[in-house]
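Data first, discussion second: the structure below is written as structure tokens.
In our numbering, the protein residues as written are 75 to 522.
Below you can see the structure in the form of structure tokens.
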């Protein structure tokens, strides 16, 4: 009888694509893929190692799955991804239940490792520390709801942010050939995908390494020619490479969501310098103002770090003033997480954890006020929204998104109806109420 294999994917959308690549490879074999780890003889955990909380989640998940060796069917536990790339020796020593380790450049070897683990009881380690020279194309089994899918357009990162281990874990920036991305997008749309979400460590840098120039605008124009593709959404757009040509494409191409995710990280020049961000507050403001001028209804999302080494109260106040002035639509924030082997990890004046938490609370409190003010301005207006699915806790309540909301990370628009809605369907909604972070609406028309 064939073995059952379960895969648990942790971390970001880019990690999810790696997991989907491995699932596709598994499905090409005689192994049975299952979404229930308690039924699996083989459990794979794709870990995240970006910040402390992500590491903790990864370790807790490994320990939880290791219990299935005692209480479930599990015979083989395989741990892969970012945490393994950096901490394989520590994991091997501290969690002996792990049978195999795969690094971030070794996902293509998952079947080889499974077969080897089934044949003998020796620990298996496949971790390539050398930088890959080009993007590796692998088959893919999409696990997101059918109407949207992520497409990773590049792997690795060439930026040198002083707090970040991603270049160590993922290697140099490697763009996918434009035609390969276009081919994957066409295949996804042919299977019913309506929204393509482009991801990379730095999407705006796309193409520079293999074409000698930035090619994201050209890629978007090419994708926009795909019939039946409704939305193209951009995430992880590094501000330094954000060109006027890209702004023009966002402005003029109807299929591009009027939504942009730009990781800014701080609003104080001294901290931006320490972070190695190679940009000033003035330039960031200039970019945001230009985007709003050219694309008046654009939704801007960003992320910020509080409590970076040496961050004084004055630096933090400058960050708050930046947020008050720019009034971003969506903000994610987290406290600085010390990473060994990074310049920031060796900096003096590490900020006390209690101070970090208080600053985070203050920042998110401010952003909540900004969000509520923006959401209040939507009352009485209409939006075209995409149906996501039924709310897990309430009958007849449907979760929807407009252009201004990315899946999983942004607020949603809730609609109550007894109609049987289909995920991916477009409906016209009038915003009637605010509910904490979310909006409430009623159906006033249908589209497709």
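Just so it is clear, CB atoms sit at the ideal spot from N, CA and C, and this is done for glycine as well.
Keep in mind that this is a model prediction, so the values were computed, not measured.
Beta-carbon separation (whole angstroms), residue i vs residue j, contact threshold 8 Å
i	j	result
residue 49	residue 222	Because the chain spans 75 through 522 in this model, residue 49 falls outside it and cannot be assessed.
residue 154	residue 172	Not really, about 10 Å apart at Cβ, beyond 8 Å.
residue 480	residue 335	7 Å
residue 245	residue 179	7 Å
residue 198	residue 187	5 Å
8 Å Cβ cutoff met for residue i and residue j
i	j	result
residue 370	residue 418	no
residue 270	residue 225	yes
residue 272	residue 309	yes
residue 201	residue 158	yes
residue 349	residue 237	yes
residue 122	residue 89	yes
residue 333	residue 515	no
residue 264	residue 250	no
residue 87	residue 214	no
residue 311	residue 243	no
residue 137	residue 143	no
residue 463	residue 497	yes
residue 342	residue 393	yes
residue 329	residue 304	yes
residue 387	residue 344	no
Contacts around residue i, its chain only, beta-carbon distance under 8 Å, and the 5 residues preceding and following it disregarded
i	result
residue 106	76, 77, 78 and 79
residue 241	230, 231, 232, 233 and 234
residue 353	313, 314 and 346
residue 488	465, 471, 472, 473, 474, 509, 512, 513, 514 and 515
Same chain, Cβ closer than 6 Å to residue i, neighbours up to 5 away in sequence not counted
i	result
residue 402	374 and 376
residue 410	379, 381 and 382
Cβ-based neighbour list, residue i, same chain, cut-off 7 Å, excluding 5 preceding and 5 following
i	result
residue 364	321
residue 126	411
residue 289	252, 280 and 281
residue 93	81, 83 and 120
CB contact check: residue i to chain C, cutoff 8 Å
i	result
residue 347	Absence of chain C from the displayed structure is noted, only one protein chain being present.
Every unbroken beta strand (DSSP E) inside the region 92-142 [3 residues or more]: 116-121
Three CB pairs or more closer than 8 Å across the region 98-118 and the region 139-147: yes
Contact the region 391-398 vs the region 431-444: 3+ CB pairs below 8 Å: yes
Three CB pairs or more closer than 8 Å across the region 499-513 and the region 423-430: no
Segments of 3+ residues assigned as beta strand (DSSP E) that fall wholly inside the region 393-479: 404-409, 456-464 and 471-475
Cβ contact (3+ pairs, closer than 8 Å) linking the region 354-361 and the region 454-463: Judged by Cβ distances under 8 Å, the region 354-361 makes no contact with the region 454-463, as fewer than three pairs qualify.
Meets three-Cβ-pair contact criterion under 8 Å: the region 250-263 and the region 293-306: With a cut-off of 8 Å on Cβ pairs, the region 250-263 is in contact with the region 293-306, counting three or more such pairs.
Three or more C-beta pairs below 8 Å linking the region 187-199 and the region 466-480: no
Length at least 4, wholly inside the region 297-349: the alpha helix (DSSP H) runs in chain order: 318-326 and 343-349
Beta strand (DSSP E) runs contained entirely in the region 173-258, provided each spans 3 or more residues: Runs found: 174-176, 198-200 and 222-226.
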